[in-house]
Ligand SMILES: [Fe+2]
Ligand SMILES: [Fe+2]
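Right, dumping it as structure tokens:
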């Protein structure tokens with residue numbers, strides 16, 4: 551298996567910000583840079599945040615260009631991950647774009663009174679506009695190697711105790727597939743995985759609506775892994791009770807994670823549980839955070 555090295559995961563957008571010049575908002579975007587086994591550098595983009603202006607602002611403030619990005623992967627079609635798809639494609643100047651067949655489908659949140667709010671890919675960021683900006687869109691349920699050594703999970707089987715609960719204040723999530731409305735189980739949720747040389751397998755999640763246990767179980771089968779180096783990204787444990795969070799941590803134990811950087815939709819309560827369970831391995835994440843797996847990580851907590 552192709553191994554990646556000198557891996558650098560730059561958080562362009564997260565709910566939180568740390569530096570005064572960067573913006574935090576409900577959303578997520580990572581720029582991933584690494585070297586393949588032949589020593590060639592690669593750059594890929596995972597999601598584009600939940601606010602166009604904030605995404606572009608942070609790029610500018612971090613003096614980051616998107617030139618040379620080979621692939622843009624969309625973790626799922628929620629608006630907090632897809633706000634600047636077209637702007638990113640334009641900035642890159644044409645790029646391969648990956649998602650799932652459900653990623654661009656219309657989706658809504660319907661409250662108890664029947665009122666609807668769109669929560670899918672925002673208007674103006676669709677397939678036609680991406681293609682017009684130079685993007686080449688591939689939608690697949692299967693795992694795919696988007697750059698040397700970097701794989702998507704594809705659609706993740708839901709086999710553990712993890713579920714997608716109905717919204718906390720009632721109502722329902724709806725997706726339109728083949729012209730029919732269905733309860734949205736967010737089947738388009740995917741993560742990235744790679745084998746980091748000298749470290750082990752690493753998972754980068756978007757919202758992880760499939761569940762982190764389902765995701766790790768799936769990747770352990772795809773890659774033949776019994777342990778993982780780390781997990782970085784949103785774990786969507788927000789709103790879950792202590793029992794559910796503890797059950798999740800218990801199920802993760804056999805995988806012996808050494809680096810955890812839960813952010814975005816993980817929620818503060820679950821983040822504190824992770825900090826307690828992984829006091830040495832926890833890395834706080836926020837807009838502007840750079841995680842370099844080849845460097846001795848300092849200030850792991852803050
Ligand atoms: Fe999200
Ligand atoms: Fe989401």
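In our numbering, the protein residues as written are 551 to 852. Beta carbons are placed, not taken as given, at the ideal position from N, Cα and C, and that holds for glycine. If you're wondering where the values come from, they're calculated on a predicted model, not measured in any experiment.
- Boundaries of the alpha helix (DSSP H) around residue 823: 818 to 827.
- Between the region 694 to 714 and the region 757 to 768, the count of Cβ pairs shorter than 8 Å is three or higher; the stretches touch.
- At a threshold of 8 Å, residue 734 does not count as near ligand 2, since its beta carbon sits no closer than that to any of the ligand's heavy atoms.
- Taking 9 Å as the cut-off, the beta carbon of residue 580 is found no closer than this to the beta carbon of residue 601.
- Not one heavy atom of ligand 1 sits closer than 8 Å to the Cβ of residue 635.
- Between the beta-carbon of residue 733 and that of residue 722 there is about 6 Å, and that keeps the pair under the 8 Å contact cut.
- According to DSSP, residue pairing for residue 752 in a beta bridge involves 744, 780.
- In this structure, the beta-carbon distance from residue 686 to residue 619 does not fall below 9 Å.
- Distances from the alpha-carbon of residue 567 to those of 659, 555, 605 put 605 closest.
- Taken atom to atom, the span from the alpha-carbon of residue 800 to that of residue 684 is near 45 Å.
- For residue 625 against residue 739, the beta-carbon gap comes to about 7 Å, under 8 Å, which counts as contact.
- Note on geometry: alpha-carbon atoms of residue 783 and residue 749 lie some 18 Å from one another.
- A buried status is given to residue 582, since no fewer than 16 other beta-carbon atoms sit within 10 Å of its beta-carbon.
- Three or more Cβ pairs closer than 8 Å define a contact, and the region 667 to 674 meets that threshold against the region 621 to 639.
- Around the beta carbon of residue 551, a 10 Å sphere encloses fewer than 16 other beta carbons of the protein chains shown; the residue is thus reported as exposed.
- Where residue 591 is concerned, the enclosing beta strand (DSSP E) starts and stops at 591 to 596.
- With contacts defined as CB atoms closer than 9 Å, residue 680 and residue 726 fail to qualify as a contacting pair.
- Considering only 695, 713, 813, the residue with the shortest C-alpha distance to residue 836 is 813.
- Rounded to whole angstroms, the Cβ separation of residue 787 and residue 827 is 12 Å, and the two are not in contact under 8 Å.
- With contacts defined by Cβ atoms closer than 9 Å, residue 616 and residue 593 form a contacting pair.
- Here residue 563 is buried, its C-beta having at least 16 other C-beta atoms within 10 Å.
- Shown in chain order are the residues whose CB sits closer than 5 Å to a heavy atom of ligand 1: 630, 757, 815.
- In terms of Cβ geometry, residue 746 and residue 622 do not form a close pair [threshold 9 Å].
- Just measuring C-alpha positions, the residue of 840, 845, 844 sitting nearest residue 569 is 840.
- Proximity of the beta carbon of residue 786 to ligand 2 is indicated: a heavy atom of the ligand is located closer than 8 Å.
- Between the alpha carbons of residue 770 and residue 665 lies a gap of roughly 41 Å.
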